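Take a look at the structure set out below.
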Amino acid sequence: MGAELPFTEKQRGGRGRERRGRMEAKKVAIIGAGVSGLAACKFTLSKGLIPVVLEARGGIGGVWTETLETTALQTPRESYQFSDFPWPKSVTDDFPDHNQVMDYLRSYADHFGLMKHIRFNSKVLSIEYDGCSDDEIQAWTLWAGTGHAFGDARKWRLQLQDTLTNLPLQEIVVDFVILCIGRFSDVPYIPKFPPNGGPEAFKAGKVLHSLEYAAMDFNSASDLIKDKQITVVGFQKSALDLAMECANANGPEKPCTVLYKTKHWNLPDHRPWGIPLTFLYMTRFSELLIHKPGESFLLYLLAVILSPIRWLFSKIVETHVMRKHGLAKYGMVPSHRFLQDISACLIATLPEKFYDKVDEGSIILKESPSFGFCEEGIMIEGETEPIRSDLVILATGYRGDLKLKEIFASSTFRDCMTFHNSVVPLYRQCIHPRIPQLAVVGFTESSSNLFTSEIRCRWLAEFLDGTFKLPSIRAMEKDIANWEKTMKHYSGPFFKRACIAILHIWYSDQLCKDMGWNPKRKKGLFADLFVPYGPSDYASP
1 MGAELPFTEK QRGGRGRERR GRMEAKKVAI IGAGVSGLAA CKFTLSKGLI
51 PVVLEARGGI GGVWTETLET TALQTPRESY QFSDFPWPKS VTDDFPDHNQ
101 VMDYLRSYAD HFGLMKHIRF NSKVLSIEYD GCSDDEIQAW TLWAGTGHAF
151 GDARKWRLQL QDTLTNLPLQ EIVVDFVILC IGRFSDVPYI PKFPPNGGPE
201 AFKAGKVLHS LEYAAMDFNS ASDLIKDKQI TVVGFQKSAL DLAMECANAN
251 GPEKPCTVLY KTKHWNLPDH RPWGIPLTFL YMTRFSELLI HKPGESFLLY
301 LLAVILSPIR WLFSKIVETH VMRKHGLAKY GMVPSHRFLQ DISACLIATL
351 PEKFYDKVDE GSIILKESPS FGFCEEGIMI EGETEPIRSD LVILATGYRG
401 DLKLKEIFAS STFRDCMTFH NSVVPLYRQC IHPRIPQLAV VGFTESSSNL
451 FTSEIRCRWL AEFLDGTFKL PSIRAMEKDI ANWEKTMKHY SGPFFKRACI
501 AILHIWYSDQ LCKDMGWNPK RKKGLFADLF VPYGPSDYAS P
């Protein structure tokens, strides 16, 4: 045990790597080969570690491997790129489609030699921490007992299954686990229904989740929706794209009904009144308008004084959306501020000509706080006639928290992942204070999930390399509570998951300070305050 300690002591200037050269390299299991898994593989390799990426599917890409035919980026491509690997010049679209994204991810994996470290068709059934009792773990005051990445050299045991044969694979033993399983796949969120009002009551047609629809090949999906009366439940990106596909396939003869609970500020573009959205919400100045976890009194005072500008920025976006979409005409003006939507990562880009389809009668918008199924279709609150349907598609989101929780063999660790809401308590949005030698990447959302995942993987690699140690468990739990309080404050009733969209730079600053980097990444005070931050700002220390 003592021989491992020098490797995990706080190091600077590469001393951790020098010492590792005289020791056995540590093995790291990375579960998932999506955006986060690829970045985690690249950065662990750069530190001389031995990564093995375990991917249940037959290829890389994560959620991008199963999409609708019309799926494209929701984030402008300049924000959705790796810091040291820009998009090819051949891609000129502001919002590349799913095929272009997949090509980009494959190019990244090939360029950095990641493919040989990935085991495809290898599903992780469970993970178990070896050699330490639950009581001992709960008694720790420092993470993993020491505050260092590899603790006192205990191991994780992973049980695998071959997804092609469903036969068990050999158990693997590793020194560290990075969960990159995401929150937008595998486990669908199904709403609660009134008694006798669930999908089983629907006799006239079929009910499926958007997850199942996206898993179909495009021809099968097209055949499924053709000449059908379809109801889509939801009002986020998948629901909107689904509604457009159905409207294009069937027209006003068989309109698609979109059933939603709450109106949101879905964007026509990312340039309200010609101003790039990043200038309003991705600069240091924009973050001066926001209260921040752990802020000084001066920053607190500035956020109070500048609050009228915060209101103005929100109003700029709202008036642009109302003008471009004509929301008042359709009764679709949200009752809350745009700031709440972006704070909760509930921003979607509306498909082009969506409201044209509403005008022609190909899409019908229906609002209802609750609904249930009946024999002919859907019965909504306050109405006596059902929405007659041949097919109901639930675009109601996912339960990523359950997927994260259920991978643990230990009931204690499963309980750790069960919070008073669906927000998983993670220090630096990455480390659970009570679960040793494990990190979670890609679970917390932001305005660009790739951007956030990459810098988080870079931070994690420095931690694994011994560049810094973690604070006490109590200090980490306090920090988590402060971040949650801030997120709740600005998201209001829409706080359902961790989202750092309006505090992206403040968050990145914390990671930079941990790594020993200068958090100010721009040249000159004016640029640092008013020029939007992006992935390329973090390409190197």
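Be aware that the sequence shown starts at 1, since it is given in the working numbering, and climbs by one per residue. Think of the CB as a built atom: it goes at the ideal place given N, C-alpha and C, for glycine as much as any other residue. In this text, all values refer to a predicted model and were calculated from it rather than measured experimentally.
{"Query": "Contact test: Ala144 Cβ vs the ligand SAH heavy atom, cutoff 7 Å", "Result": "With respect to the ligand SAH, the structure offers nothing, as it holds no ligand at all."}
{"Query": "Candidates Lys27, Ala344, Thr67, Met487: closest to Val52 by CA position", "Result": "Lys27"}
{"Query": "Top-ranked residue by Cα proximity to Trp311, from Ser286, Val333, Arg428, Phe297", "Result": "Ser286"}
{"Query": "Alpha-carbon to alpha-carbon, Pro96 and Cys430", "Result": "28 Å"}
{"Query": "Proximity below 8 Å, CB of His209 to CB of Leu394", "Result": "yes"}
{"Query": "Residue span of the alpha helix (DSSP H) that contains Gly37, given as start and end", "Result": "35-46"}
{"Query": "Limits of the beta strand (DSSP E) - the one that Cys499 falls within", "Result": "Run containing Cys499: none; DSSP gives neither H nor E here."}
{"Query": "Separation of Ile480 from Lys488, as counted between CA atoms", "Result": "12 Å"}
{"Query": "Unbroken stretches of the beta strand (DSSP E), 3 residues or longer, contained in the stretch 109-169", "Result": "122-130, 155-162"}
{"Query": "For Arg77, three-class secondary structure by DSSP", "Result": "coil"}
{"Query": "Per-residue DSSP class, three states only, for Met216", "Result": "coil"}
{"Query": "Residue closest to Asn196, alpha-carbon to alpha-carbon, out of Ile380, Cys374, Ser491", "Result": "Cys374"}
{"Query": "Local conformation of Tyr355 per DSSP, three classes", "Result": "helix"}
{"Query": "CB of Ile60 within 8 Å of CB of Arg106, strictly", "Result": "yes"}
{"Query": "For Met515, the three-state DSSP class (helix, strand or coil)", "Result": "helix"}
{"Query": "Same chain, Cβ closer than 6 Å to Ser126, five either side skipped, listed in chain order", "Result": "Gln159, Ala409"}
{"Query": "Cβ-Cβ separation, Gly145 to Gly34 (assumed contact under 8 Å), whole Å", "Result": "The Cβ separation is near 31 Å, so there is no contact."}
{"Query": "Whether Leu327 touches Leu306 by CB criterion (8 Å)", "Result": "no"}
{"Query": "Helix, strand or coil at Leu394 according to DSSP, with G and I counted as helix", "Result": "strand"}
{"Query": "Reduced DSSP secondary structure (H/G/I, E/B, other) of Tyr533", "Result": "coil"}
{"Query": "Buried or exposed by the 16-neighbour rule on C-beta atoms within 10 Å, applied to Tyr330", "Result": "exposed"}
{"Query": "DSSP bridge partner residues for Ile364 (one or two, in chain order)", "Result": "Thr257"}
{"Query": "Asp234 versus Trp459 - alpha carbon distance", "Result": "According to the sequence shown, residue 234 is Gly rather than Asp. The straight-line gap from Cα to Cα measures roughly 36 Å."}
{"Query": "Within 8 Å, strictly: CB atoms of Pro532 and Gln81", "Result": "no"}
{"Query": "Counted within 10 angstroms of its Cβ, other Cβ atoms place Trp273 as buried (16 or more) or exposed", "Result": "exposed"}
{"Query": "Top-ranked residue by Cα proximity to Leu346, from Tyr355, Pro334, Phe354, Asp356", "Result": "Pro334"}
{"Query": "Nearest-angstrom Cα separation, counted from Asp186 out to Arg399", "Result": "8 Å"}
{"Query": "Secondary structure of Ser448, DSSP reduced to three states", "Result": "coil"}
{"Query": "Stretch pair the stretch 71-78 + the stretch 486-502: three plus CB contacts closer than 8 Å", "Result": "no"}
{"Query": "Beta-carbon gap between Ser448 and Ser79 smaller than 8 Å", "Result": "yes"}
{"Query": "Nearest neighbour of Met282, chosen from His98, Phe451, Gly58 [CA to CA]", "Result": "Phe451"}
{"Query": "Buried or exposed (CB count within 10 angstroms, at least 16 for buried), Leu167", "Result": "exposed"}
{"Query": "Cβ pair Leu503, Ile290 closer than 8 Å", "Result": "yes"}
{"Query": "For Ser491 and Tyr538, believed in contact at Cβ under 8 Å, the rounded distance", "Result": "No, Tyr538 and Ser491 are not in contact; Cβ-Cβ is about 26 Å, not under 8 Å."}
{"Query": "Residue of Val63, Pro471, Glu381 minimising C-alpha distance to Glu212", "Result": "Val63"}
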